[in-house]
Amino acid sequence: MDLFDALRTVFLDYGYAAVFGVLVLCGVGLPLPEDVPLVGAGVVVYEGHATYPGMVAIGILGILVGDSILFWLGRRYGPALLRKKLFARMLHAERMAKVQGQFDEHALKVVFFARFIAGIRACVYFTAGTLGMKYRTFVLLDFIGALVSAPVWIWLGWRFGGHIESAFSAMAQADRVILALIVGFSVYFGWRWWRGRRSAASDAAS
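If you read the sequence shown in this note's numbering, its first letter stands for residue 16, the second for the next number, and so on.
Now the structure itself:
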């Protein structure tokens, strides 16, 4: 809670600008789950120092800017990294082509769901830039994901601002619900893909 209390103090002192800055830093690699500053932003709303719509807007903007910086870092430096000896050994031309093909086939789902999994988010966004995903596609998917997550976390901080432990308890429950939805969607799309492959194989055999 010490870190959260420090964030809350900074947010109360500097308002929207501080929330925006911290979320951008989270996007480019600050080892802090963005859920925490978003809940902190909600507490600032609870304290009466900001409005909920304004904080949601600045939260989404901060997320998009941070993620976009990571995407463009991948676009700029990713190909050069792949040519380094260590990466070249692990991802030789044949394997890289396979990775590219898998990413192209599943990129939309991967980029969207990465928004809700902090441990892989940065890697996926950097990879999206490295492998040449169109930026307008990336930012649209990122915006839709942020439109789902940011209002929820900020609302939790606003709703439970007087009992922040309850907010973090609700966050844990929300994380489990989101994870369950992600698993459900993954199973569904995996099943659809498997059915499609079986159907194609049957058509080819007949």
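Don't be surprised by glycine CBs; every beta carbon is placed ideally from N, CA and C.
Buried is the label assigned to C41, since at least 16 other Cβ atoms lie within 10 Å of its Cβ. Straight-line spacing of the CA atoms in V58 and I169 works out to 8 Å. Between F26 and V51, the C-beta gap is not smaller than 8 Å, which leaves the two residues out of contact.
Between I84 and R174, the alpha-carbon positions lie close to 31 Å from each other.
Here G144 is near L88, since their CB atoms are less than 8 Å apart. Going by beta carbons, G77 and L38 fall inside the 8 Å limit. Listed in chain order, the alpha helix (DSSP H) runs fully inside the segment 144-185 are 150-174, counting runs of at least 4 residues. For D28, the closest of E49, L45 and G55 by C-alpha to C-alpha distance is G55. Annotated as distal: I73 and V126, with beta-carbon spacing of 8 Å or more. Boundaries of the alpha helix (DSSP H) around P52: D50 to Y61. If you check the CB distance, P166 and V60 do not come in under 8 Å.
Around the beta carbon of R23, a 10 Å sphere encloses 16 or more other beta carbons of the protein chains shown; the residue is thus reported as buried. Inclusion of G81 and Y31 in the CB contact set at 8 Å is not warranted, their separation being larger than that value. A direct Cα-to-Cα measurement between V43 and G177 gives close to 31 Å. Residue environment analysis places E49 among the buried positions, since at least 16 neighbouring C-beta atoms fall within 10 angstroms of its C-beta. With fewer than 16 neighbouring CB atoms inside 10 Å of its own CB, V163 falls in the exposed class. Inter-residue distance for F153 and A21 is about 33 Å (C-alpha atoms, whole angstroms).
Its Cα nearest to that of A137, the residue L79 stands out among T66, L79 and E120.
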